[in-house]
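A short write-up of the structure that comes next.
Number of protein chains: 2
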Amino acid sequence: MALKYYHAEPLANSLKSMVPLKEKGLAYDSIYVDLHKFEQHSDWFVAINPEGQVPVLDHDGVIITHTTVINEYLEDAFPDAQPESGPLRPRDPVGAARMRYWNKFVDEHVMNHVSMHGWHRMIRVIAGGIEDGTFEELMERIPLPDQRKKWATARSGFSEADLANATAKIEYAVDKVERQLGESEWLAGDSYTLADINFYSHCGMMVERMFPEMDIAGRCPRLIAWRDRVTARPAVAEALKAEDRTMPGLRTWSGHVR
Amino acid sequence: MALKYYHAEPLANSLKSMVPLKEKGLAYDSIYVDLHKFEQHSDWFVAINPEGQVPVLDHDGVIITHTTVINEYLEDAFPDAQPESGPLRPRDPVGAARMRYWNKFVDEHVMNHVSMHGWHRMIRVIAGGIEDGTFEELMERIPLPDQRKKWATARSGFSEADLANATAKIEYAVDKVERQLGESEWLAGDSYTLADINFYSHCGMMVERMFPEMDIAGRCPRLIAWRDRVTARPAVAEALKAEDRTMPGLRTWSGHVR
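Right, dumping it as structure tokens:
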């Protein structure tokens, strides 16, 4: 049995499936894909994932993509490998439904909005520094039309209206999470699940740093305490130590750059 | 054990969780929610689903919302109630991952785009016919900010750019499905699963009728054959007979109105 995990820096999507691998104590080959060199659109990588996106799980040659799908797959394929805190996907149907409700919320109403601000700050700098001809060439290598559009938009900068809308969605999300954490210790109930890993990776870990004007500590004290509980988990701490080749000046998600 | 299913007309979301109930042969109370009367935003319904959206599954008092979550819940709660064609969620981890890959694609890249055209054609007529004061009052009763925005936009009509973008996404989707059906009989592999039910409910069943200019029959012959196989399933045929109170002149998804 061999697992390979193709990933970039330990944040957002790449972190989201790395944490379950570590929480479950599964041995895997870590393969770093350098987004700064557009390796995700290179021939060798597109041969593995035709959509040209990280992360990817390779399980004995079977390719699984999309983090929510990967994380459910790990539960199906390795049901007994679980942290001491309990299964990452609750075994009772209602608990699993609660977890999936939150996964869906993060996937559809949180991820892209934090991502837009991250792209706006970082990729604008990277994409803007590429010469016209080279940029067109790079664009042509992107398999998904949506991703191509996102790159083109990031290069010129997202509109103020789009950024404001993304900010409003993030504010809605942190308030919703704060309310939920008043009712249960973790997002989907009494135990730490894939839902917590999802919100943490895409928003919880970086929201205070990325959006100081939201005053997250004052507005969402339970979220902050929850975030610190997640960060303190040994599996999460280990994942966060994974390779980060982003120049310090471009660390808009993981560092202090705005 | 008692199941209640709150739903509107048998198409899109409301159809998507009705089909599995019927495929699995589960007895349930059907509760029709009249969207034409905005019942989904009424006090009695918001007390059941605070998000004010159909459909809703009530299983012995436990409320499950969002169709993809409901359908996975039915698999978890009733694993042995399955059609003769096999489990709606494959039992092998790879098959389940393929199914979830397609569910995610439909949920995030198909559903909203077909929906926008349906809303544009139908709800514009309905929303446009409501007087200003009444419209504001109705808007205030909508719990989700996103839904409130969608209604306001539908009333004035979606922009040509948004509609064109939605059309491009639908074309991308039907071509992707057509390619897949060249490789496997059903979307997620050799058997009919929740992925087929999802794409059928949100796009496959109505795409040829709603978008004649796409020439679906000529462009996607395998999709048409697949659609007919789904429509011919007794459980689907039964679901399609469910109550439809939409005035014939407003049947933009289910009828021939454009």
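Read top to bottom, the protein sequences are chains A and B.
With the numbering used here, letter number 132 in the first sequence gets 133, and the count goes up by one each step, no holes.
With the numbering used here, letter number 5 in the second sequence gets 6, and the count goes up by one each step, no holes.
For glycine and all other residues, C-beta sits at the position ideal for the given N, C-alpha and C.
Rounded to the nearest angstrom, what separates residue i and residue j at their Cα positions?
i	j	result
A:E141	A:S157	17 Å
B:E24	B:S18	10 Å
A:A196	B:E109	18 Å
B:H203	B:A240	14 Å
A:G53	B:F106	16 Å
B:L27	B:V237	14 Å
A:A153	A:D77	38 Å
A:R125	B:L16	43 Å
B:P222	B:N113	24 Å
A:F136	A:I143	11 Å
A:P21	B:L89	26 Å
A:G219	B:A243	50 Å
B:E138	B:E132	10 Å
A:A48	A:Q41	10 Å
A:I1	B:E184	The question about residue 1 of chain A has no answer, for chain A in this structure spans 2 to 259.
A:E172	A:M2	43 Å
B:S160	B:M123	15 Å
B:R149	A:L4	45 Å
A:P91	A:P235	21 Å
B:P94	A:V70	10 Å
A:I217	B:W45	34 Å
A:N72	B:G205	28 Å
B:L12	B:W254	8 Å
B:F39	B:V55	11 Å
B:R180	B:W227	12 Å
B:P249	A:D176	42 Å
If I measure Cβ to Cβ from residue i and keep anything under 6 Å in the same chain, skipping five residues before and after, which residues do I get?
i	result
B:G190	G96 and R99
B:T66	N50 and V57
A:A128	A155 and R156
A:Y201	V231
A:Y74	I65
A:W187	Y193 and D197
A:L145	E52
A:W103	L188, A189 and A196
B:D229	none
B:A174	V111
B:V178	L224
Strictly below 7 Å CB to CB, what residues from chain A border residue i?
i	result
B:V70	A98, R101, Y102 and K105
B:I65	A98
B:Y29	Going along chain A, no residue has its Cβ under 7 Å from B:Y29, so there is no contact; the nearest lies around 16 Å.
Using a Cβ cut-off of 8 Å, pull out every chain B residue sitting near residue i, in sequence order please.
i	result
A:Y6	Correct list: empty, because the minimum Cβ distance to chain B is about 15 Å.
By the criterion of Cβ-Cβ separation under 7 Å, what are the contact partners of residue i in chain B?
i	result
A:R173	First, the residue type needs correcting, since residue 173 of chain A is Tyr and not Arg in the sequence shown. What A:Y173 touches in chain B: P146.
In chain A, what lies closer than 9 Å to residue i by C-beta?
i	result
B:E109	D108 and E109
Could you list which residues in chain A have their beta carbon closer than 8 Å to that of residue i, in chain order?
i	result
B:E73	A97, A98 and R101
Note down, in chain order, each residue of its chain lying with its Cβ closer than 8 Å to the Cβ of residue i, except the 5 sequence neighbours on either side.
i	result
B:D163	M117
Please list, in chain order, all residues of the same chain as residue i whose beta carbon is under 7 Å from its beta carbon, the five residues on each side excluded.
i	result
B:S43	none
A:F79	K25 and L27
B:T68	N14, K17, S18 and P56
A:L182	R223, L224 and W227
Hey, is the segment 8-17 of chain A in contact with the segment 27-44 of chain A, meaning 3+ C-beta pairs nearer than 8 Å?
yes
Per the contact definition of three or more C-beta pairs closer than 8 Å, is the segment 79-90 of chain B in contact with the segment 110-127 of chain A?
In short, these stretches do not touch, since the Cβ pair count stays below three.
At least 3 beta-carbon pairs within less than 8 Å: the segment 45-63 of chain B vs the segment 34-42 of chain A:
no
With 7 Å as the C-beta to C-beta threshold (strictly closer), list the residues of the segment 76-94 of chain B near chain A in chain order.
D77, A78 and P94
So if I threshold CB-CB distances at 7 Å, which residues from the segment 191-224 of chain B count as touching chain A?
none
Meets three-Cβ-pair contact criterion under 8 Å: the segment 161-172 of chain B and the segment 202-220 of chain B:
The segment 161-172 of chain B, when compared against the segment 202-220 of chain B, does touch it at the 8 Å Cβ threshold.
Residues in the segment 229-254 of chain B having any Cβ partner in chain A nearer than 7 Å:
none
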